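Engineer: The sequence shown runs 3 to 237 under this note's numbering.
Where is the CB? At the ideal position from N, CA and C, for every residue including glycine.
Note that this is a predicted model, so its numbers are computed, not measured.
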Amino acid sequence: MFLCNDFCGLDFLKGLKGIVFDCDGVLFDTMGLNRRFYNLIRERLGMPPMNEDEENYVHAHAVRESIAYITPAEREEEVREVWKSIDYRELIPAMVPSPGLYELLPTLRSAGLRMAVYTNRTNTMEMVLDRFDLAQYFELVVTAGNVTPKPHPEGMYHILGSWNVQPTEIAYVGDTSIDAEVAESAGVPFWAYRNELLKADMFLNDFWSLRRCVMRAAGNGGVLGKNGKRPHFFA
Numbered sequence: 003m004f005l006c007n008d009f010c011g012l013d014f015l016k017g018l019k020g021i022v023f024d025c026d027g028v029l030f031d032t033m034g035l036n037r038r039f040y041n042l043i044r045e046r047l048g049m050p051p052m053n054e055d056e057e058n059y060v061h062a063h064a065v066r067e068s069i070a071y072i073t074p075a076e077r078e079e080e081v082r083e084v085w086k087s088i089d090y091r092e093l094i095p096a097m098v099p100s101p102g103l104y105e106l107l108p109t110l111r112s113a114g115l116r117m118a119v120y121t122n123r124t125n126t127m128e129m130v131l132d133r134f135d136l137a138q139y140f141e142l143v144v145t146a147g148n149v150t151p152k153p154h155p156e157g158m159y160h161i162l163g164s165w166n167v168q169p170t171e172i173a174y175v176g177d178t179s180i181d182a183e184v185a186e187s188a189g190v191p192f193w194a195y196r197n198e199l200l201k202a203d204m205f206l207n208d209f210w211s212l213r214r215c216v217m218r219a220a221g222n223g224g225v226l227g228k229n230g231k232r233p234h235f236f237a
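1) In the structure shown, what three-state DSSP assignment does I180 receive?
2) Under 6 Å from any heavy atom of the ligand FAD, does the C-beta of P155 make it?
3) Counting C-beta neighbours from all protein chains within 10 Å, is the total for F9 16 or more, i.e. buried, or is it exposed?
4) Return the chain-ordered ranges of every alpha helix (DSSP H) run that is complete within the segment 173-221 and spans a minimum of 4 residues.
5) Where V190 and V22 are concerned, what is the direct C-alpha to C-alpha distance, given to the nearest angstrom?
6) What number of angstroms, rounded off, separates the C-alpha of S211 from the C-alpha of K19?
7) Specify the secondary structure class of R116 as computed by DSSP and reduced to three states.
8) I'd like the list of long-range same chain contacts for S179, defined as Cβ closer than 7 Å, with 5 residues on each side in sequence excluded.
9) Can you tell me where the alpha helix (DSSP H) holding F23 begins and where it ends?
10) Are A185 and N122 close, meaning C-beta to C-beta below 7 Å?
11) Alpha carbons only, please: which of H160, E171, G34, N36 is nearest the one belonging to G17?
12) For A99 versus F30, is the C-beta spacing smaller than 7 Å?
13) Once the 5 residues before and after A146 are set aside, which same chain residues still bring their CB inside 6 Å of it?
14) In angstroms with no decimal places, state the Cα-to-Cα distance between D181 and L115.
15) Which class does G223 belong to by DSSP, given the choice of helix, strand or coil?
16) Whose C-alpha, out of W165, A219, S112, P155, is nearest the C-alpha of E141?
17) Please list the segments of the beta strand (DSSP E) lying wholly inside the segment 62-149, counting only runs of 3 or more residues, in order along the chain.
The following block contains the structure:
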C-alpha cells in the first residue's frame with residue numbers, strides 16, 4: 003500500500019490497460035445529493051431526516067436496498083409511489099464533479115487507457131454522464147440496473163470479459179468498503195479514493211496526483227504524439 007503522489011514510483015502503471023471508476027464519492031461528491039433525495043422520500047412519508055448511519059448506508063448501496071433500509075417495510079406500496087413521483091433530473095445539478103476530474107480523463111484517454119464506470123446506481127447514470135458531458139470518456143457503464151449490485155463482483159467480471167483483459171491489467175477506483183470487497187473478489191487492484199481506512203493497493207487523495215503520475219510515465223506531457231497515434235508506454 004502506498005500513496006499516489008509526485009514522489010511515488012510508477013510501477014503501478016506498468017501493464018495497466020484500463021481504469022474502472024465508481025461514481026458516487028469518486029467521480030462526484032454526491033453526499034449532499036443522496037441526502038436530499040432520500041430525505042425527500044422520508045419527508046413525503048412524514049418521517050424525520052436520516053441519521054448518520056443511514057446516510058452512510060445509502061451512499062454505498064443500490065437505490066432499492068437503500069430505500070428499503072430507510073423506510074418501513076409495511077409501507078412498501080406507498081414508498082414506491084413516492085419514489086416514482088420524484089424527478090431525479092431536478093437533483094442532478096446538486097452533484098459536484100471531483101476536483102481534477104475534467105483534467106484527468108482526457109489525459110488517461112490520450113495515454114491509451116480504457117475507462118469504465120461501475121456503480122450501484124441504476125437508471126440515472128446515463129443522464130448524469132450526459133448532464134456533465136462525461137459519456138465520451140467511458141467505453142462501458144455498468145450499473146445495478148443490469149448486473150447484481152455490489153458487493154457481488156458480477157459487474158467487474160463483465161468489464162474484464164468485455165475488454166478481454168486479466169484482473170491485474172486494470173484498477174478499480176472506489177471509496178467504500180463495498181468497492182474494496184468487489185475488487186478483492188475479482189482479483190483487481192483497488193485504489194482507494196480519499197479513504198485511507200480501506201484495504202487498498204494504493205491510496206489516492208486527489209485526481210491531480212494521478213494525472214501527474216500518468217504524465218510522468220508518458221514522458222510527453224500526457225498528450226498524443228504528432229503522428230496522432232496513442233502512445234503505448236504501459237506495455
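Structural biologist: Checking against the coordinates, here is how it stands:
1) It is helical.
2) Inclusion of the ligand FAD in the displayed structure is not the case, the ligand content being empty and no account of it being possible.
3) F9 should be labelled exposed.
4) Those alpha helix (DSSP H) runs which fall completely within the segment 173-221 and span 4+ residues are 179-188, 209-220.
5) Their backbone Cα atoms lie some 10 Å apart in a straight line.
6) Distance from the CA of S211 to the CA of K19, rounded to the nearest whole angstrom, comes to 19 Å.
7) In the three-state reduction of the DSSP assignment, R116 falls in the strand class.
8) In the same chain as S179, and ignoring 5 residues on each side of it, the C-beta atoms closer than 7 Å to its own belong to L200, in chain order.
9) No alpha helix (DSSP H) holds F23; the beta strand (DSSP E) holding it covers 20-23.
10) With contacts defined by Cβ atoms closer than 7 Å, A185 and N122 do not form a contacting pair.
11) Looking at the Cα atoms, E171 is the closest of the given residues.
12) It should be pointed out that residue 99 corresponds to Pro in this sequence rather than to Ala. Closer than 7 Å, so yes.
13) Cβ neighbours of A146 beyond the five flanking positions: A64, N122, T124.
14) Approximately 21 Å, taken between the alpha carbons.
15) With a pLDDT of 45 at G223, under the threshold of 50, the modelled position of this residue cannot be trusted; read the value that follows with caution. Note: G223 maps to coil in three-state DSSP.
16) When only C-alpha atoms are compared, the closest one is W165.
17) Fully enclosed beta strand (DSSP E) runs of 3 or longer: 116-120, 142-144.
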